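Below: the structure, in structure tokens.
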Amino acid sequence: MIKFILTYYYSYIEKSSAYKVSKFVSRFCIKTLPPCLAEELLSELFQELSSSINKNEKDSFNLDSTNLLGHIPLELYRSKEAQNPTLLCQRMLHYSLCHLTLPIRLQILNENPTYARMKDSPLLHLWMLACSGCDEQYYLNTCSASASLSSIVSDHAIIPTLVHIGRIVGEQVSARASTLQSGIPAYNTIFGYATDTKLTVKNTLDEFFNNMQNIDTTCLQLLDSEQTNGFPPSSADSTQPQHFFEQFFTRHQLLRSWHKSMQILSSIFVPQNPVVLTQKIIPDNWHLSSKLMTCYSLFAQFFPGQPKFLARSQASRSFEYICWSLIHTKSALLEPEAESGLFLDLRGALLDSPNDQDKIIDTLWYQIARKDGILVGTYESLFAGFWTIGHLSYWKAVALPEKMFMISDPEIQCFKLLSKTQIKEFILDESSCVNVLDGTLLQRQRAERVYSSMNPDSAR
Amino acid sequence: MDKYLQIEVDWSLPVDKVFEDFVERILKWINSYFPSLEVDREAFEAKYAGMKKLGFALEDLSPVWLHSKQMADIMNKHQSILNNTSSSSLRIAHRMVLDIVVFTSLIPCVYVPATSAY
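Each protein sequence line maps, in turn, to chains V and G. According to my numbering, the first sequence holds residues 1 to 460 in order. According to my numbering, the second sequence holds residues 461 to 578 in order.
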């Protein structure tokens, strides 16, 4: 019965979505290195080796001065038990930090006690697995933040590193908020007074830092309980999967908590102009939630102190409003110049070359696989197309074994699995307005510049 | 050679044979592509056993794409260095290369259909 209800529920979501989906999946995996980063790591390693050999210093090889590999402890390789699964997971963890800029990496390694405890946990693999998958937007207007967060999660191996960068972002916002004046309303109202902007920002920041602390504390408690109570010692014991899943979802819940806190924080990335967040009241169902909340907001705006309906239409800020490049070495964005500008007008390219459509979709698949995932802008329609709004999703390329696209559409908490044909139809559908170079405003502007330089006579 | 090599899992085999078959095919691929790269079979299998430890509900093992052409070029250069010398440092480097390749390539997944887990 439950299965029937769930099947019906998901088929309802499918009908209400522009995507024609093969399947809804939750995919949890341990992953550390996308091919594009692995190429850089191998290149750096090769340079270091060449220079050691050129200097005839075969045994003086060390990576301390390298940009990406300097933090990898070589003792992990010197150990006679280098192939021990725990050491293997530790090495995977160290490699996953290559996504971060050197100062942040060193901060995490030297100053983060939760990271230090988790690194030595015998259940490190479980923590790594729990820090994967995607999550939904918890508010109607946080799709951009939510998709960006899912792309960030795919770069991080364990939750403490996410909490660490969350705190850094919180401090950046806090520094911006320090100049706020009192007495400025946080939003427009029809009747009565809105909450003070300074107070709203302060409360949001306090709640954010408390949530980060709670996640940290829960991580430490779970690490303590692992030591006290142990865990099913062998995966060979087939009676344990239920217990495994309970333990897994307890840890994964912390990731969801981080996701939600970061989405709330994104509403005050520009503290002078906070965004009013509107709750997505039905989990996994953005369309129905938005219809219900539109009715509610139209009515509630006449109550004293309630935001005007239009005040709720502002989308939450995306991650380009913070100094992201100071934290991460890579982003989930395609370069506009890639494949000789093929992605500048992907739909046009598909329409122009009906015989090469499969080849073009394959190229897109490879590019996404190489980057480990990209942010893609689309449009969503509401009220039979009378209202269209911008939407952001995170696309990944998988092979199961045929090449497929796994899409984290923040409207739901699972991935949508699309075949190559389905993704082609989706891109060709004019109403979807798929733009694979629209992950951030800066990316779009750069793409427009590249497009203009390649097509000087055409106006976009 | 394709830009990525995919190794598909043969799920028609009994579960305990799936891993053996999978590892076997990866070893075969590495050996064919880098004939002189000494692959420590025991170590490699132990490494994969670590992955298997995560296997619990391994309903699906995502077939892998082993590194791109650029990575292969770099590994070839690395191979030529390894051919010319041997030292403890280079053995470490060798293991690091394998780690990077394996961590990029082997992606064990727990793949849960949405209608069963949530």
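Don't be surprised by glycine CBs; every beta carbon is placed ideally from N, CA and C. Since this is a predicted model, take the numbers as computed values, not measurements.
Counting Cβ pairs, one atom from each stretch, are 3 or more of them under 8 Å apart for the segment 70 to 80 of chain V and the segment 552 to 559 of chain G?
yes
I'd like the list of long-range same chain contacts for residue 108(V), defined as Cβ closer than 6 Å, with 5 residues on each side in sequence excluded.
Within the first sequence, the letter at position 108 stands for residue 108(V). Closer than 6 Å at Cβ, skipping near neighbours: 115, 161, 164.
Per DSSP, what are the beta-bridge partners of residue 435(V) in this structure?
The sequence position of residue 435(V) within the first sequence is 435, counting from 1. The partner list for residue 435(V) (beta bridge, DSSP) reads 377(V).
Look up residue 305(V) in the DSSP assignment and say whether it is helix, strand or coil.
For the purposes of this step, residue 305(V) is identified with residue 305 of the first sequence, where counting begins at 1. Residue 305(V) falls in the coil class under three-state DSSP.
Using DSSP bridges, identify the partner residues of residue 405(V).
Position 405 of the first sequence, counting from 1, holds the residue named residue 405(V). 397(V), 418(V), per the DSSP bridge assignment.
Reduced DSSP secondary structure (H/G/I, E/B, other) of residue 104(V):
Counting from one through the first sequence, the residue named residue 104(V) turns up at place 104. Three-state result, residue 104(V): helix.
Between which two residues does the alpha helix (DSSP H) holding residue 348(V) run?
Position 348 of the first sequence, counted from the first residue, corresponds to residue 348(V). Segment 346 to 352, the alpha helix (DSSP H) holding residue 348(V).
Assuming residue 462(V) contacts residue 314(V) under a Cβ cut-off of 8 Å, what Cβ separation, rounded to an integer in Å, is found between them?
Residue 462(V) cannot be examined here, being either before or after the span of chain V that is shown, 1 to 460.
Distance between residue 62(V) and residue 50(V) (C-alpha atoms, nearest Å)
Mapped onto the first sequence, residue 50(V) falls at position 50. Mapped onto the first sequence, residue 62(V) falls at position 62. Whole-angstrom Cα-Cα distance: 12 Å.
Identify the residues that DSSP records as bridge partners of residue 279(V): which are they?
Numbered from 1 along the first sequence, position 279 holds the residue referred to as residue 279(V). DSSP output for residue 279(V) lists 139(V) as bridge partner(s).
May I ask you to list the residues that DSSP assigns as paired with residue 391(V)?
Here residue 391(V) refers to the residue found at position 391 when the first sequence is read from its first residue. According to DSSP, which records beta bridges pairwise, residue 391(V) is partnered with 378(V).
Please state the DSSP three-state secondary structure of residue 189(V).
The sequence position of residue 189(V) within the first sequence is 189, counting from 1. In the structure shown, residue 189(V) sits in a strand (DSSP, three-state: E or B).
Residue 563(G) in three-state terms, based on DSSP
Within the second sequence, residue 563(G) is the residue found at index 103, counting from 1. If DSSP states are grouped into helix, strand and coil, residue 563(G) belongs with the helices.
Backbone CA spacing between residue 549(G) and residue 43(V) [nearest angstrom]:
The sequence position of residue 549(G) within the second sequence is 89, counting from 1. The sequence position of residue 43(V) within the first sequence is 43, counting from 1. Answer to the nearest angstrom: the Cα atoms are 17 Å apart.
Quick check: the segment 331 to 342 of chain V against the segment 95 to 108 of chain V, are there 3 or more CB pairs under 8 Å?
no
Neighbouring residues, chain G, relative to residue 426(V) (Cβ below 7 Å)
As a working note, residue 426(V) is residue 426 in the first sequence. The premise fails here: residue 426(V) is roughly 19 Å from chain G at the closest Cβ pair, so nothing lies under 7 Å.
When you compare only the Cα positions, how much space is there between residue 224(V) and residue 375(V)?
The residue given as residue 224(V) occupies position 224 in the first sequence. The residue given as residue 375(V) occupies position 375 in the first sequence. Those two C-alpha atoms are separated by around 37 Å.
Taking 8 Å as the CB-CB cut-off, is residue 95(V) touching chain G?
On the first sequence, position 95 is the one that residue 95(V) refers to. Yes, residue 95(V) counts as interfacial toward chain G.
Residues that residue 92(V) contacts on chain G, provided the C-beta gap is smaller than 7 Å
The residue labelled residue 92(V) in the question sits at position 92 within the first sequence. Those are 563, listed as they occur along chain G.
Looking at the C-beta of residue 22(V), does it have a partner C-beta in chain G at a distance below 8 Å?
Position 22 of the first sequence, counted from the start, is the residue given in the question as residue 22(V). By this cut-off, residue 22(V) is not an interface position.
Beta-bridge pairing of residue 24(V) - partner residues as DSSP gives them
Position 24 of the first sequence, counted from the first residue, corresponds to residue 24(V). Looking at the DSSP assignment, residue 24(V) forms a beta bridge with 416(V).
Can you give the beta carbon distance from residue 144(V) to residue 392(V), rounded, assuming they're within the 8 Å contact cut?
Locating residue 144(V) in the first sequence gives position 144, where the first residue counts as 1. Locating residue 392(V) in the first sequence gives position 392, where the first residue counts as 1. At roughly 5 Å, the Cβ-Cβ gap stays under 8 Å, so residue 144(V) and residue 392(V) are in contact.
Identify each residue in the segment 41 to 55 of chain V for which the Cβ-Cβ distance to at least one residue of chain G is less than 9 Å, and report them in chain order.
41, 42, 43, 45, 46, 48, 49, 50, 52, 53
Classify residue 383(V): buried if its beta carbon has 16 or more other beta carbons within 10 angstroms, exposed otherwise.
Within the first sequence, the letter at position 383 stands for residue 383(V). Residue 383(V) is exposed by the Cβ-count criterion.
Report yes if the CB atom of residue 377(V) is closer than 8 Å to the CB atom of residue 435(V), and no otherwise.
The residue given as residue 377(V) occupies position 377 in the first sequence. The residue given as residue 435(V) occupies position 435 in the first sequence. It is a contact, given that the beta carbons lie within the stated cut-off.
For a test of the three-state rule: what should DSSP assign to residue 120(V), helix, strand or coil?
Within the first sequence, the letter at position 120 stands for residue 120(V). If DSSP states are grouped into helix, strand and coil, residue 120(V) belongs with coil.
Could you tell me which residues DSSP puts in a beta bridge with residue 466(V)?
Because chain V here runs from 1 to 460, residue 466(V) falls outside it and cannot be looked at.
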